[in-house]
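**Student:**
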Amino acid sequence: MAKAWGGRFQQDTDPRVEAFTESISFDSRLYAVDIRGSKAHATMLASAGLITDVERDQICSTLEEIRTEIEAGNFAFTAELEDIHMHIESALIERIGDVGRKLHTGRSRNDQVSTDLKLFVRDAVDLLDTLLLDCQKAFVDRCEQDAGVIIPGYTHMQRAQPVQAAHYWLAYCEKFKRDRERLADCRKRVNISPLGAAALAGTSLPIDRDMTAELLGFEAVAANSLDVSSDRDYLAEFVFCLSLISAHLSTWCEEWIIWFSTEFGFIQLPDAYTTGSSIMPQKRNPDVLELIRGKTARVMAAVPQILILIKSLPMAYNRDLQEDKLAMFDAFDTVKACLELTPSIVAGAQLQREHIASRLEDGFLDATALMEYLIKKGVPMRTGHGTVGQLVAKCEGANCRLKDLSLEDLQQACNLIDADVYEVLGAENAMKALQSFGSGGAERVAERVADWQGIVG
Ligand code: ARG
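0 is the number of the first residue of the sequence shown in numbering that gives the first Met the number 0; add one for each residue after it.
#1: Once DSSP output is grouped into helix, strand and coil, what is the label at G147?
#2: Three-state secondary structure (DSSP) at Y316?
#3: Going along the chain, which residues of its own chain have a beta-carbon closer than 6 Å to the beta-carbon of N317, five neighbours each way excluded?
#4: Using alpha carbons as the reference points, say which of V32, A197, H40 and Q410 lies closest to L390.
#5: Mind checking whether I23 and E68 have CB atoms under 8 Å apart?
#6: Do A197 and G105 have their C-beta atoms within less than 8 Å of each other?
#7: Tell me whether M279 is buried or exposed, calling it buried when 16 or more other Cβ atoms sit within 10 Å of its Cβ.
#8: Measuring CB to CB, does R55 end up less than 8 Å from A39?
#9: Our contact map puts S277 next to N284 with C-beta atoms below 8 Å; I'd like the distance itself, whole angstroms only.
#10: Specify whether the stretch 86 to 102 and the stretch 50 to 65 touch according to this definition: at least 3 beta carbon pairs, one from each stretch, less than 8 Å apart.
#11: In this structure, what does DSSP give as the bridge partners for S192?
#12: At which residues does the beta strand (DSSP E) containing G162 begin and terminate?
#13: Since I believe A165 is in contact with P269 (beta carbons under 8 Å), could you give me their beta-carbon distance rounded to a whole number of angstroms?
#14: Skipping 5 residues on each side, what residues in its chain have a beta carbon closer than 8 Å to that of S435?
#15: If we count the other Cβ atoms within 10 Å of its Cβ and call it buried at 16 or more, is E446 buried or exposed?
#16: Whole angstroms is fine: what's the gap from A441's alpha carbon to V139's?
#17: Straight-line CA distance for A90 to G456?
#18: One question on the structure: do R400 and E360 come within less than 8 Å of each other, judged by their Cβ atoms?
#19: Relative to the C-alpha of R35, which candidate in G6, L116 and E79 has its C-alpha closest?
#20: Please tell me whether D178 and C252 are closer than 8 Å, where the distance is taken between their beta carbons.
#21: For the alpha helix (DSSP H) that Y233 lies in, which residues bound it at each end?
#22: Hey, out of E218, A392 and G425, whose CA is closest to S357's CA?
#23: Which stretch, first to last residue, makes up the alpha helix (DSSP H) that contains G388?
#24: Does the stretch 182 to 200 come close enough to the stretch 313 to 332 to have 3 or more Cβ pairs within less than 8 Å?
#25: If you count every other CB in all the chains shown that lies within 10 Å of the CB of L433, and 16 or more means buried, which is it?
#26: Please work out which residues of its chain come closer than 8 Å, Cβ to Cβ, to D230, disregarding the five sequence neighbours upstream and downstream, and give them in chain order.
#27: Starting from the C-beta of Q321, find all residues in its chain whose C-beta is less than 7 Å away, skip the five residues before and the five after it, and write them out in chain order.
#28: Ends of the alpha helix (DSSP H) at D501?
#29: DSSP on I206, reduced to helix/strand/coil?
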């Protein structure tokens, strides 16, 4: 098969080189955005008088035929034709001859591949935004179902202070909110048109870059052709956005894996999202959560992969850049698959309310509330901290809780303590005492739940 670039070559390409340099095995999925870009380009060429309107229509309708064939699985891909751009162009030429040979006027594969990638990433960003919204909805929906359930909050994996269960759910909503904001910000730089930068220097032909940008929904036109040809910043940013989504998902998974253990017993996971052991009949394992956590490794690995790829590349296009797609596609597919499963797991899990409640008074979750009670009575914070520390030590010795101490015991530690101290002791009171904006107390959390219900609709 004659190569599109074969003019100056006297020898055929070694088939091993074809196999080594091809990208069709992984870039064929760009066919739809490639056709979209080519149709816009052909429309612009006609308006600039570089092809006729009849030629434009022929090119566009043949590109649609090619699309239909690809979608029906009737299109043959071969390493000889390198990549998706060459495949579509050569199919076009096969069908309409010289008219097809005009499509690549004023364009190079270098601006074409970046245009395709940007259209792909823009769609990906929009899809991820909806998937993240679905995850937020799932957590917000849990808030009503779990209203009133109090859970220990931890630092260092040690019991710290009691919070509403919904406070946990909304913590994930906030993380996903930032993920969505980051994607929206990344989208701004994705949405700048590379098309028309041609190989590296632009073109002497009277192309209209504003027109193709507008046809493809880009916000603006990239202003330096050398920069366009070498720029993959937007892929580095995109995979970083994906990595933080993965980090948030893996935090959630880790938490629920621990909560699902017999030792914690905080949560039941739905059967449909757990798996069994091949040898231990009693087992029900949180494999899906473990895999979401585990797949984070390959998503995060895409960040250094892209950064190392672009580090020290001289301008402008270098073939190294072909490797960018492997990292980005895998990271995107992985995060998409994880986000698609998340809402069902979130919705199907059940908090083990009784078990959680039965151990809620363990771990002195009310110690900080007692310290803050003392502060309100005029005790300096550090002094109150010491006083409560001593009372906790006393309880540990007597194997009791702070609320089990008599008023005399408490007053011995600090004579400013009154009978109203029992209104802050115990996990429930300690949770209710939390007042500050953003805290895990009942009133503040209820306000935030209402806000979030409005946000997710
Ligand atoms: N398959 C190539 C890639 O993905 C397309 C651009 C090739 N350009 C070139 N001048 N060889 O990067």
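Ideal Cβ placement from N, Cα and C applies to all residues, glycine included. Since we're looking at a predicted model, the values are computed, not measured.
**Tutor:** Put simply:
#1: coil
#2: coil
#3: none
#4: Q410
#5: no
#6: yes
#7: exposed
#8: no
#9: Actually they do not touch by this definition, with Cβ atoms about 11 Å apart.
#10: yes
#11: V220
#12: The question names Gly, but residue 162 in the sequence shown is Val. Element bounds for V162: Q157 to Q163.
#13: Not quite, the Cβ-Cβ distance comes to about 20 Å (not below 8 Å), so this is no contact.
#14: R443
#15: exposed
#16: 15 Å
#17: 47 Å
#18: yes
#19: L116
#20: no
#21: D232 to W258
#22: G425
#23: M380 to A397
#24: yes
#25: buried
#26: S113, P193 and A221
#27: S22
#28: Given that the chain is displayed from residue 0 to residue 456, the structure contains no residue 501 and the question cannot be resolved.
#29: coil
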